[in-house]
Structures are given as C-alpha cells and as structure tokens.
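Under mature numbering (1 follows the signal peptide of the UniProt record, and there is no 0), the letters of the sequence shown match residues -25 to -1, 1 to 515, in that order.
Positions of the beta carbon are idealized from the N, C-alpha and C atoms, including for glycine.
These numbers come from a predicted model, not from an experiment.
First up is the structure itself, then whatever we jot down about it.
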Amino acid sequence: MRSRWGALALAGVLTLAACGTEAPAATAGEGGGGSLVWAVETQPITFNPHQWGQNKARLLVHNQFDNLIARGRNGEFLPWLATSWEVSEDGLTYTFRLREDVTFHDGERFDAAAVKANLDQLVSEGYNPAVKAIQLRDFGSAEVTGPYTLKVTLKTPDGIFLDFLASPPAGQVSPRSLKNAKDLKAGGTDVVGTGPFILDRFTPGQEVHYRRNPDYDWAPPSAGHQGPAYLAELTYRFLPEAAVRVGALTSGQVQVIEGVPATEVGLIKSDPGLRLETSLNSGSAFSYYFNLSHAPFDDKRVREAFRDAVDVDAVLNAVYQGTAKRAWSIVGQGSPAFYDASLENTFGDDPARANRLLDEAGWNQRDGEGFRVKDGKRLSVRSVSSAPYVRDRRDVLAQAIQAAVKQSAGIDFQVKLVDDGTAQKAYREDQYEIFENSRGDTDAGAALNLILPKGAAINRTHVESAELDRLLAEASATSDPAERKELYAKVQKIAVADEVLLLPLYVPADQIAHGAGVTGVTFEPVSGTPNSAYDVRIGT
C-alpha cells in the first residue's frame, strides 16, 4: 500500500424591516470574541449536510460539520478528522486513520463506527439518490478494523472519491442524530456535527443562530488558526432582496453580507469603511439546458437558433454591469484544471443564422405578436425555476434573455419562478423546455456525472449518448489529472459544440462585503465559495 497524506461592530440596535426583528449589537460574549450578524441571500432548504444542494448555503455547512479530509490552497488533499489514509495499488481499498480526540456536539465520540454509520446512511435507499448514484456509486463497503481505523472498499476505482469526502455532503453527522432526529433530511438543532459552531436556533424566513463550540480543537491545517472559533456567536439573516442586504450593511444592522449586486459594487468600493471580496466558483457554469425529449428542442436546429439569438455579452453587461464572467462551456473557468478554452468564441450572437435555422426547421410564419408559429402552434419554451435556488439576479437575467430571443428570432420564452415542490413536479412530468443549473462541486467531474449520463440525477436534457457515458466512466475511473482533462475536453465538445445541449451563460461567483473591522473572511480554496466563520473575528 502507498501512503498519502490527505498531503466582523454594529452602530446600534435598529429595526430590520425585511424580517421584522432587531439586530443585536456586537457584544463580547462569553469567552470573548463577540457576536456577528451576516446577511445571506438564500435560506437553506436543509441543515443536514448529507442533503446539501444549494451552493449559496454552503458557507453554513462547515460551521457545524467537519469532513474527513480538506482541500489546500493548491487543491491538494489534507488531513482533517482523518489524520492519514492509504490507498491500495489497485485503487479499490482506502484505509483511514482517524483523530482520537473529537466529539460530536451531543457528546457522542467520533470514531470509525461513526464514519461507517455516515457512509451507510448516505447509500441507504431513498436518502440521497444523487449521491448514491454518482459520488458513491462505486462504494462497496465500510469496515471498522479498529476503534479509529476504517477500511473502505470500492467496487471499481473512483477518481472523485476523495473529493467527495472533502465535500459538504460528506460532513460527519452524529450517529445519534442519524437514528433519532425528528426530521433527519431537513436537519436542525438535533442533527449535529463536530464543527466549530453549534446550531441552537432557527427561525424560518428570518434567521439561524449559532454559538461557539468551546471544545473545538481539530481544524484542518489549511485553517487560519487552531482551537475554538474567535466569535462567541453568529447569526445569519435571510435577506433575499439585494438592496435590503446592502442597506442593512451600510446602516450598520449587519456586519457582513454575501451576494452583492452589480448595481451596488461601486457604492461598496467607494466607502472606506467597507471591504468587497469576490471569488469565482468551481464546478459547472450557470447554463440553460435544452430538453431534448420533446418539441421544439428535439430539433438541434432550434437549439442552435435559441443560442444564436442571444448576445450573451450584451445581456450579461446589462444585468451585471461588467461584473460577470461569461461562460463558454458546461465547465466554468472556476475549474481551470478541466475547462476547455478551445470552445471560446465558437458560437452565439448570430441572429441571421438563428432566423435561417428556424426557417429551415419549419418555424417560418409569425403570429400577430411577432412570435414564430408552425402548424398553428407558437414557438414557445418554458423555464421552470425553483425559488430557493435563484441567486445572482437570475430572474432579471431570464427577463433579459426573454426579450432578446423574442426580438432577434421570434421565440416565446416563458419564465416561471415557483416554489421547489412545483418545480420538482414540472421536472418529473417533463413540463419544461429549459432547465437552469449551475453546480458548485470542487471537482467538475462530479457535476458532469450528475448532468450528462443516461439516467443521471439531474439529466434534464434527457440526452442519451453512449459516447458521453463511456468518456465520463473512463474519467471517473482514473486519478491521472492529464487523462481526466483530455477526457473531459471531449465531453465538453460533445455537449457544447456537437449536440448543443446547453447555452452557457456565466461563471457563478460569490461577492462578500463587510465592515473594515471584520477580518478573516475568506473563500474555500477549490470551490471558491465563502468559507465558514471559523477564522472570522471582529477587530485584530
């Protein structure tokens, strides 16, 4: 076997109209460190890391839950709850040696049996089908070989297994929580981890509150310090309106906000008492995926026409005022290891071609409103978006694209923003033509495997390609970065150029603004998403 080392002060107490509660003044708090209020754009659907799926809620996960391994600044794997691991020559057996000084928030001891309980739960039927089908599809078994030693056996070699263990869904949950939580999938105060903060209060639609874990002393080496968190307590306010978030920051009601709109960047930058920090996210770009299962996008010419009808640069500039990074592939530039730059400037912004293609496809008549029709039916396409996943003014972006495709090519783009249950029903019943999505996976391969293979969890293009499936399987089976890059380049060419499965729009990024007296606000080195508040402090 070969060894591997997993190698923000509030100005006063003000009434916050958006949520109807008062913002607490910054106080020293028991043990020092003070309290901080952080406004976020999106309320989590769940507080169980195993069920995580919102990139905007990722920063909450690592406040409460730790992973077996971490990622370093150069993407390397580092020890965390696992002190080391060994991988067999055939890539099928992983032996993990665990820390012996870690306890869950409920007092349960963290040990090999706890890790096994987490893995077994993750692959249990119906718990998280996407993880079971993709990240843990090659998982065979977990065997406790000692109190703090665990052997994991895979069915076939898996190049993204370690990345999964460093990702939010692999956060370690107390076995007691797994057995006794009132609503395990939703999470809450009775679903606990080993992290630097303890979730002790959640008011839906308003806020979630954490207090410091005084016993915490097992941060990964990539952290900015060791020992308990600096902050004594931490409140995240749910403020979906961007203007409200910015107003709360500038008025002193909160000390940190994420999701700074482009319209307010200049205001933040010009204020000497504020700081702005941004980072591109890893994973897949925000794209419109075309549903091939029925008309009109079962015709490749219509897919190409929709893409050519949009001047993406103009649309992004109008909505984001030069702050958005244009995407050219299913993989975003935030994942440079696998991004295929050869696709840049190869498609889009060609209204003449879009109209020619639609004429050829038989959509050569117009109704009284200027929309194209064929056989008496309007050329209409629907996008059904789940509200909890909408970020970055994507609703405004959709309206801009809606206007563009009507003006350029006579396409009726219908934009629907609905609750998550309604959205999931539309997806199940195939009542949509465009599926919006971006993924924040640290390894872009995980996103590709969730979106493209036949039967994959979010393959909502309904594409069926033996070649895509083969390439993705080969890439998952190797840990050679060069080989994986070559294979993923072929995947991107098929998805973007050959089959025109999507319209790439922009690379998601996180923007954080905070008071000058707040330090330690950072981004995760590989995902590019906001880090937990573990290293955040008020003052120096």
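Straight across, the Cα-Cα distance linking arginine 357 with glycine 323 is about 20 Å. Nearest neighbour of phenylalanine 52 by Cα position, chosen from Glu64, Pro104, Ala88 and Phe136, turns out to be Phe136. Taking the CA atoms as reference points, leucine 427 sits about 26 Å from arginine 368. Counting C-beta pairs closer than 8 Å gives three or more between the stretch 69 to 84 and the stretch 121 to 140, which meets the contact rule. The stretch 26 to 43 and the stretch 146 to 154 touch, with no fewer than 3 CB-CB distances between them shorter than 8 Å.
Cβ-Cβ separation between asparagine 256 and glycine 420: approximately 15 Å, too far for a contact (criterion under 8 Å).
DSSP places proline 54 inside the beta strand (DSSP E), whose first and last residues are 52 to 54. Beta-bridge analysis with DSSP links tryptophan 13 to Tyr211 and Val231. Pairwise C-beta distances place the stretch 156 to 166 out of contact with the stretch 183 to 197, as fewer than three of them are shorter than 8 Å. With contacts defined by Cβ atoms closer than 8 Å, alanine 336 and valine 277 form a contacting pair.
Secondary structure of threonine 70 (DSSP, three-state): strand.
If you check the CB distance, proline 505 and leucine 34 come in under 8 Å. By the 16-neighbour rule on beta-carbons within 10 angstroms, asparagine 339 is exposed. Per DSSP, the unbroken alpha helix (DSSP H) holding threonine 238 starts and ends at 237 to 245.
Residue pairing by DSSP places tyrosine 264 opposite Phe410 and Leu477 in a beta bridge. Residue pairing for isoleucine 376: DSSP places it in no beta bridge. By the 16-neighbour rule on beta-carbons within 10 angstroms, lysine 31 is buried.
Taking C-beta separations shorter than 6 Å and ignoring five residues to either side along the sequence, the partners of alanine 237 in its chain run Tyr295, Gln296 and Thr298, following chain order.
Out of Leu224, Arg328 and Ala105, the CA that lies nearest to the CA of arginine 250 is found in Leu224. In this structure aspartate 288 is exposed. Its beta-carbon is surrounded by fewer than 16 other beta-carbon atoms within 10 angstroms.
Look at valine 356 here: in three-state DSSP terms it is strand. For serine 63, the closest C-alpha among the options Lys130, Val98 and Ala422 is that of Lys130.
At least 8 Å separates the beta-carbon of glycine 9 from that of glycine 248. For valine 501, no alpha helix (DSSP H) segment is defined, and its DSSP state is neither H nor E.
In the structure shown, alanine 472 adopts helical secondary structure according to DSSP, grouped into three states. Membership of serine 59 in the beta strand (DSSP E) is indicated by the continuous run 57 to 62. Under the three-state reduction of DSSP output, tyrosine 295 falls in the helix class. Following the DSSP letters along the chain, one finds glycine 222 in no beta strand (DSSP E) but inside the alpha helix (DSSP H) bounded by residues 217 to 225. Listed in chain order, the non-local C-beta contacts of lysine 465 below 6 Å within the same chain comprise Leu446, local neighbours out to five positions each way being set aside. The three-state secondary structure of glutamate 449, taken from DSSP, is helix.
Residue range 124 to 129 is occupied by the beta strand (DSSP E) that includes leucine 125. When beta bridges are read from the DSSP output, tyrosine 191 appears opposite no residue. Pairing valine 359 with alanine 398 gives a Cβ-Cβ distance under 8 Å.
Residue nearest to threonine 494 within the set Ile487, Leu206, Ile513 and Ala207 is Ile513 (criterion: CA-CA distance). In the three-state reduction of the DSSP assignment, histidine 25 falls in the helix class, which pools H, G and I.
The C-beta of arginine 282 has 16 or more other C-beta atoms within 10 Å across all chains shown, which makes the residue buried.
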